[in-house]
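Peer 1: Each residue of the sequence shown is one higher than the one before, starting from 56 at the first, in the working numbering.
Take a look at the following structure, please.
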Amino acid sequence: NEAPNFTIVDTEGNSFNLSDFENKKVVVLEFMNMGCGSCHNFEKNVLKSYCNNTTMPEDVTVISLTQTDDVSQEDLNERAEGKTWAYALGSEEITDAFGADRSPSIVIIDKDGMVTFSESGAMSESELEEKINEARG
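Structure (structure tokens):
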């Protein structure tokens with residue numbers, strides 16, 4: 056399925072569209088809730104390691120999106136502190152568009168803008184890397 060386009064603003068104040076990455080990067084979206092222990096563990100044990108790994112491909116970008124509208128920018132900025140990937144306030148509309156009804160939900164979009172992987176629940180770093188590499192072709 057083709058990924059629906061959306062516009063978000065990350066914690067650095069950068070505004071971008073999903074389509075900005077088309078033909079350039081594989082996009083990994085982590086739909087998360089701020090109070091979700093599984094989300095914290097996935098970020099700490101998988102995303103942090105993958106994103107800090109010197110072998111992470113340059114044609115991959117990772118974005119964590121909140122699934123709730125009642126999160127303050129300040130709380131999100133605090134969560135993003137020290138992380139090497141983007142955080143952004145999501146919306147119910149984006150969550151619904153991707154069917155990301157549980158936390159965490161991982162969605163991988165290839166360079167052609169097609170969803171190649173979408174699943175609820177955490178995964179291991181090796182599983183994440185495998186799914187990303189499949190999307191990279």
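Ideal Cβ placement from N, Cα and C applies to all residues, glycine included.
For clarity, every value in this text was computed on a predicted model and none was experimentally measured.
Are any of the Cβ atoms in chain B nearer than 7 Å to that of V126?
Peer 2: Included in the structure is just one protein chain, with no chain B present.
Peer 1: Using the Cβ count rule (16 or more neighbours within 10 Å means buried), how would you classify G145?
Peer 2: With 16 or more other Cβ atoms within 10 Å, it is buried.
Peer 1: Using DSSP with H/G/I as helix, E/B as strand and the rest coil, what is N72?
Peer 2: Strand.
Peer 1: Could you give the first and the last residue of the continuous alpha helix (DSSP H) run that contains E185?
Peer 2: Note, E185: alpha helix (DSSP H), 180-191.
Peer 1: Just to confirm my understanding: we take V83, look at its own chain, exclude 5 residues before and 5 after, and list those with CB closer than 6 Å. What are they?
Peer 2: Excluding sequence neighbours, V83 sits near V117, I163.
Peer 1: Which two residues bound the contiguous alpha helix (DSSP H) that contains E67?
Peer 2: Element bounds for E67: n/a, residue is neither H nor E.
Peer 1: When the distance is taken between beta carbons, is Q122 closer than 7 Å to T150?
Peer 2: For T150 and Q122, yes; Cβs fall inside 7 Å.
Peer 1: Give me the Cα-Cα distance between E148 and K99, rounded to the nearest whole angstrom.
Peer 2: Straight-line Cα distance between these residues: approximately 27 Å.
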